[in-house]
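Asks:
Number of protein chains: 2
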Amino acid sequence: MSKRIPTKIYLNENELPKYWYNMNAVLKEKHEPALNPKTLKPCTLEDMEKVFCTELSKQELNTTDEFIKIPEEIMDFYKMIRPSPLTRAYYLEKILGTPAEIYYKFEGNNTSGSHKLNSAIAQAYYAKKQGLTSLTTETGAGQWGTALSMSCAFYGIDLTVFMVKASAEQKPYRKAIIETFGGNVIKSPSETTEVGRKILEKFPGTGGSLGCAVSESVEIATNTPNCKYVLGSVMDHVLLHQSIIGLETQKALKKYKIEPDMLISCVGGGSNFGGFIAPFIKDKINGKKNYRIIAVEPASCPTLTRGKYVYDYGDTGMISPLMKMYTLGNGFIPSSNHAGGLRYHGANPIISKLYHDGYIEATSVNQTDVFDAAITFAKSEGILPAPESAHSIRVAIDEALKCKETGEKKKIVFCLTGTGFFDLAAYSDFLNKTMENYIPTDEDLQKGFSTIPDIPQNK
Amino acid sequence: MSKRIPTKIYLNENELPKYWYNMNAVLKEKHEPALNPKTLKPCTLEDMEKVFCTELSKQELNTTDEFIKIPEEIMDFYKMIRPSPLTRAYYLEKILGTPAEIYYKFEGNNTSGSHKLNSAIAQAYYAKKQGLTSLTTETGAGQWGTALSMSCAFYGIDLTVFMVKASAEQKPYRKAIIETFGGNVIKSPSETTEVGRKILEKFPGTGGSLGCAVSESVEIATNTPNCKYVLGSVMDHVLLHQSIIGLETQKALKKYKIEPDMLISCVGGGSNFGGFIAPFIKDKINGKKNYRIIAVEPASCPTLTRGKYVYDYGDTGMISPLMKMYTLGNGFIPSSNHAGGLRYHGANPIISKLYHDGYIEATSVNQTDVFDAAITFAKSEGILPAPESAHSIRVAIDEALKCKETGEKKKIVFCLTGTGFFDLAAYSDFLNKTMENYIPTDEDLQKGFSTIPDIPQNK
Chain A
39 MSKRIPTKIY LNENELPKYW YNMNAVLKEK HEPALNPKTL KPCTLEDMEK
89 VFCTELSKQE LNTTDEFIKI PEEIMDFYKM IRPSPLTRAY YLEKILGTPA
139 EIYYKFEGNN TSGSHKLNSA IAQAYYAKKQ GLTSLTTETG AGQWGTALSM
189 SCAFYGIDLT VFMVKASAEQ KPYRKAIIET FGGNVIKSPS ETTEVGRKIL
239 EKFPGTGGSL GCAVSESVEI ATNTPNCKYV LGSVMDHVLL HQSIIGLETQ
289 KALKKYKIEP DMLISCVGGG SNFGGFIAPF IKDKINGKKN YRIIAVEPAS
339 CPTLTRGKYV YDYGDTGMIS PLMKMYTLGN GFIPSSNHAG GLRYHGANPI
389 ISKLYHDGYI EATSVNQTDV FDAAITFAKS EGILPAPESA HSIRVAIDEA
439 LKCKETGEKK KIVFCLTGTG FFDLAAYSDF LNKTMENYIP TDEDLQKGFS
489 TIPDIPQNK
Chain B
39 MSKRIPTKIY LNENELPKYW YNMNAVLKEK HEPALNPKTL KPCTLEDMEK
89 VFCTELSKQE LNTTDEFIKI PEEIMDFYKM IRPSPLTRAY YLEKILGTPA
139 EIYYKFEGNN TSGSHKLNSA IAQAYYAKKQ GLTSLTTETG AGQWGTALSM
189 SCAFYGIDLT VFMVKASAEQ KPYRKAIIET FGGNVIKSPS ETTEVGRKIL
239 EKFPGTGGSL GCAVSESVEI ATNTPNCKYV LGSVMDHVLL HQSIIGLETQ
289 KALKKYKIEP DMLISCVGGG SNFGGFIAPF IKDKINGKKN YRIIAVEPAS
339 CPTLTRGKYV YDYGDTGMIS PLMKMYTLGN GFIPSSNHAG GLRYHGANPI
389 ISKLYHDGYI EATSVNQTDV FDAAITFAKS EGILPAPESA HSIRVAIDEA
439 LKCKETGEKK KIVFCLTGTG FFDLAAYSDF LNKTMENYIP TDEDLQKGFS
489 TIPDIPQNK
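Residue numbers (the working numbering), protein chains in the order written: chain A, 39 to 497; chain B, 39 to 497.
Written out as structure tokens, the structure reads:
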């Protein structure tokens with residue numbers, strides 16, 4: 039019998055990770071704490087609980103437990119949607135003619151179409167357990183909104199989703215799927231909130247931004263009894279839930295004794311990237327492993343590669359806690375010709391810290407190069423990727439082509455976060471050559487930076 | 039440790055079936071042969087080859103080999119998209135409060151969104167092997183067109199898809215995904231063929247039908263050098279390829295010693311139903327097993343439950359071979375308020391024969407009941423089903439509810455053929471209560487029956 043590595047590596051149900059991995063417990067130096075925007079003091083549990091579920095607030099502040107047990111009820115749901123396969127990209131390797139081995143962890147094989155469901159179900163579970171009756175959230179590309187509407191339907195919780203207006207109009211079927219699962223979709227900015235009305239007054243006709251949708255969601259949550267706000271990225275507890283991706287990846291690699299040379303994933307707010315790299319980071323910090331860890335972002339929203347490492351608000355309305363992170367400024371909005379997600383102005387504090395301390399790399403890519411890679415991948419591997427995920431594909435292909443030059447048999451592992459079923463308008467634009475690239479000028483970036491708060495910590 | 043059956047049963051790569059299952063080798067009495075429409079004599083290999091690839095023609099006429107080896111190249115592709123999971127519907131059981139065990143084989147976890155890819159890749163492979171440079175086909179709901187465009191992209195073959203006009207307009211993104219994979223989509227009926235022009239003249243403004251799209255595809259294929267016609271259902275060789283579904287299901291059930299009491303799947307032309315039941319039929323015919331095998335069809339296109347078992351054309355243009363099958367008449371077109379697929383006028387000859395001989399049952403269901411079941415399933419099992427697949431869900435739920443009455447712990451297994459990502463307009467209609475049911479009157483059916491050819495065999 040041949041020792042061929044299977045095309046798809048599946049874990050058995052009893053091999054599924056039973057604990058999430060908490061990177062905050064293993065950072066050599068903790069990242070700086072979130073600050074209460076009024077007092078400018080570190081957020082306490084009480085501060086957090088005003089907006090978030092109690093259990094999620096505790097997870098956010100937990101910097102000691104490396105492993106956190108996944109509740110049995112969440113495990114049972116995970117068994118419906120997981121494990122996701124780790125796939126050897128035999129055909130992609132073949133058409134590239136590379137000696138490299140390419141693997142991808144595919145998180146898109148569920149109705150939400152992405153990894154977002156891993157955290158959505160956990161957040162809905164904790165909300166239910168706490169006796170909440172409704173949740174609010176925002177969604178950009180729509181993957182998070184879909185995942186959360188599925189999760190709320192599962193637990194019988196009402197949901198209001200503020201959807202970035204540009205996305206809602208580009209992707210009417212995303213809105214429809216959220217509604218099919220019972221979610222109430224409001225295009226953001228909207229007239230339903232004070233912050234929405236202010237933004238509309240200042241920027242009439244704006245397509246909105248994730249930061250603005252966050253502000254609206256938080257406003258409704260804090261004004262509604264038995265209602266909290268949840269979000270699908272940026273926060274450390276979201277990365278905690280997403281660590282299931284990395285934990286499964288690690289187990290699958292070990293099962294076939296595959297030692298990765300590089301781990302690649304895209305970064306918007308950082309949820310998939312953080313979850314994917316979580317269990318790999320300890321050995322990188324300790325120097326036991328020397329794999330490269332590469333964050334990929336769109337050139338049109340270059341948070342890590344061109345942002346500042348300072349305290350900033352998580353939202354445009356400047357009501358959220360202040361977080362120390364790479365940011366383009368809470369007022370930054372990427373050009374409207376940028377398709378899909380990865381349009382958030384900041385990056386999760388753990389990721390920002392790891393990048394600042396040199397444990398991870400970051401690179402940015404152009405939109406048309408991303409779609410070109412997406413189509414190469416789709417035609418060879420039979421999966422139509424989400425544009426977000428295709429950022430990772432672009433870099434994986436580029437690295438594999440470098441191996442073709444050097445003859446190195448590097449093992450490249452990337453996270454394929456979701457499917458492109460709801461991005462066909464963007465694919466059509468690319469095929470019809472009406473898609474453009476956008477790289478913000480230094481002047482454009484300055485405008486965003488000017489919205490960073492002028493507080494003592496930023497001096 | 040508990041002996042709980044896993045939520046998802048996956049086969050290992052080395053457990054994947056290496057042979058397709060040919061029901062024609064085990065029918066107690068062979069079904070009557072396809073007839074050359076000009077001579078009214080049984081189709082020979084030469085007749086078949088004029089339209090179809092040689093190897094597929096041979097498979098169509100093979101009534102002796104129970105197992106047919108899957109070529110290595112197709113196995114390699116199957117390893118990318120298979121195995122599909124057999125899932126225990128623990129949460130659906132729970133919300134129904136039924137003592138029944140419900141299992142579903144989910145074929146929608148690939149970019150084509152359905153089981154159609156199982157046969158599409160095989161047909162593209164044989165076309166490539168024969169040195170063809172282009173293929174033509176038709177698509178209704180768009181699943182087959184997507185699957186074939188992916189397969190042709192994989193092998194570098196040109197593809198023209200005649201898409202039923204009503205579907206193309208209901209599902210613009212289906213068209214876009216076919217084009218993303220390089221397929222050329224033409225709305226049918228079209229001005230590009232003689233038969234299309236005739237139909238447009240007779241029925242201006244028609245939304246088209248699968249039968250009409252077949253005629254147009256065949257016309258182009260027979261008039262173009264190095265081009266053949268392929269199709270995604272109805273033919274015996276398609277069911278042969280789809281037997282991979284049933285073979286995997288059977289293996290997964292055996293792995294956990296699950297003895298099914300009933301097998302349920304939807305029928306349009308019959309490809310998923312035939313493939314799903316293929317390896318189970320021998321024991322049913324021999325009387326070794328007494329499981330029920332239930333075909334589900336839409337009340338608006340009641341081929342098995344209200345059709346005639348006679349010779350009819352496979353296409354509206356009456357140029358295809360004549361097949362002995364249950365049919366509503368090649369001129370039958372379901373009401374335009376019928377959403378999704380399962381709109382073909384006939385049913386595959388093997389299935390028709392099995393139904394006629396009493397080995398399988400058939401039932402029909404109303405559209406709104408189908409969508410109601412779909413949403414119950416989506417909210418509990420976290421998968422948005424294709425409307426076609428939801429026909430099976432409806433009957434599975436009804437049978438599970440009967441068990442609730444009787445207290446029986448029946449084991450219900452159904453095939454979940456695909457996802458509903460491209461059917462959100464129909465879901466919105468259902469949610470907005472603008473969806474209607476349609477049950478053809480006897481008079482409506484008479485109109486269809488009047489298009490059945492008046493040939494000696496039908497006397």
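All C-beta atoms, glycine included, are put in the ideal place defined by N, C-alpha and C.
As the structure is a prediction and not an experimental result, all values here were calculated from the model.
#1: If we define contact as Cβ-Cβ less than 8 Å, is Ser40(A) a contact residue for chain B?
#2: Which same chain residues, not among the five before or five after Thr174(A), have their C-beta less than 6 Å away from its C-beta?
#3: Suppose only complete runs of 3+ residues qualify. What are the beta strand (DSSP E) ranges in the segment 320-384 of chain A, listed by chain order?
#4: Of all the CB atoms in chain B, is at least one closer than 8 Å to the CB of Ser152(A)?
#5: Would you mind working out which of Pro491(B), Glu70(B), Gln168(B) sits nearest Pro263(B), comparing C-alpha positions?
#6: Which class does Glu139(B) belong to by DSSP, given the choice of helix, strand or coil?
#7: What does the alpha-carbon distance come out to for the pair Ser189(A) and Ile493(B)?
#8: Let me make sure I understand the geometry here. Which of Lys485(A), Ala438(A), Ala333(A) has the alpha-carbon closest to that of Ile371(A)?
#9: Can you tell me where the alpha helix (DSSP H) holding Leu439(A) begins and where it ends?
#10: With a CB to CB cut of under 6 Å and the five nearest residues on each side skipped, what residues in its chain are close to Pro340(B)?
#11: Helix or strand or just coil, what does DSSP make of Lys447(A)?
#12: Residues of chain B with CB closer than 7 Å to the CB of Ile119(A), please, in chain order.
#13: Ignore the nearest five residues each way along the sequence and tell me which others in Lys154(B)'s own chain have a CB closer than 7 Å to its CB.
#14: Identify every residue that forms a DSSP beta bridge with Ser303(A).
#15: Are the CB atoms of Ser226(A) and Cys453(A) nearer to each other than 8 Å?
#16: Closest to Tyr347(B) by C-alpha separation, out of Ala385(B), Ser374(B), Ser358(B), Met356(B), would be which residue?
#17: With DSSP as the reference, identify every bridge partner of Lys46(B), one or two as the case may be.
#18: Give me the DSSP bridge partner(s) of Gly456(B).
#19: Using only alpha-carbon positions, find the residue among Ser488(B), Ala138(B), Phe459(B) that is nearest to Glu443(B).
#20: Under a three-way DSSP split, which group does Lys391(A) fall into?
#21: According to DSSP, Cys81(B) sits in a beta bridge with which residue or residues?
#22: Alpha carbon to alpha carbon, how far is Phe115(A) from Lys46(B)? Give it in angstroms, no decimals.
#23: For Thr365(A), which residues in the same chain have their Cβ closer than 7 Å to its Cβ, ignoring the five residues on either side in sequence?
#24: Report yes if the CB atom of Thr457(B) is closer than 8 Å to the CB atom of Gly178(B), and no otherwise.
#25: Give, in chain order, every residue of the segment 175-195 of chain A whose Cβ lies closer than 7 Å to some Cβ of chain B.
#26: Would Leu380(B) and Pro336(B) be called neighbours here (beta carbons separated by less than 8 Å)?
#27: So, at 6 Å on beta carbons, what are the nonlocal neighbours of Lys448(B) in its own chain, with the 5 sequence-adjacent residues on each side left out?
#28: Using a Cβ-Cβ cut-off of 8 Å, state whether Pro44(A) counts as contacting chain B.
#29: How should Tyr211(A) be labelled, buried or exposed, when 16 other C-beta atoms within 10 angstroms of its C-beta is the threshold for buried?
#30: Is Ala214(B) close to chain A? Criterion is C-beta to C-beta, closer than 8 Å.
#31: With distances taken Cα to Cα, identify the nearest neighbour of Arg42(A) among Asp85(B), Asn52(B), Ile43(B), Arg42(B).
#32: Determine the closest residue to Ala206(B) out of Thr230(B), Leu392(B), Asp196(B), Glu176(B), with distance taken between C-alpha atoms.
#33: Count the other CB atoms within 10 Å of the CB of Pro80(A); is the residue buried (16 or more) or exposed (fewer)?
#34: Look at the Cβ atom of Asn475(A), then the Cβ atom of Thr406(A), and state whether they are nearer than 8 Å.
#35: Leaving out the 5 sequence neighbours to the left and right, which residues in its chain are closer than 8 Å to Met39(B) when beta-carbon positions are compared?
#36: With 16 as the cutoff for other CB atoms within 10 Å, does Asn50(A) come out buried or exposed?
Replies: The short version:
#1: Confidence at Ser40(A) is low in this model, with a pLDDT of 48, below 50, so its placement is unreliable and the value that follows should be read with caution. No, no contact with chain B.
#2: Thr198, Ser255, Ile258, Ala259, Tyr267
#3: 330-336, 346-351, 360-365
#4: no
#5: Gln168(B)
#6: strand
#7: 58 Å
#8: Lys485(A)
#9: 425-444
#10: Ser402
#11: coil
#12: Gly420
#13: Gln181, Trp182, Ala185, Gly270
#14: Ala333(A)
#15: no
#16: Ala385(B)
#17: Thr125(B)
#18: Ser152(B)
#19: Ala138(B)
#20: helix
#21: Cys81(B) is not bridged to any residue.
#22: 11 Å
#23: Thr341, Gly345, Lys346, Val348, Asp350, His383, Gly384, Ile490
#24: no
#25: Met188, Ala191, Phe192
#26: yes
#27: Ala138, Asp299, Cys441
#28: yes
#29: buried
#30: yes
#31: Asn52(B)
#32: Glu176(B)
#33: exposed
#34: yes
#35: Per-residue confidence for Met39(B) stands at a pLDDT of 40, beneath the threshold of 50, marking its modelled position as unreliable; no derived number is given.
#36: exposed
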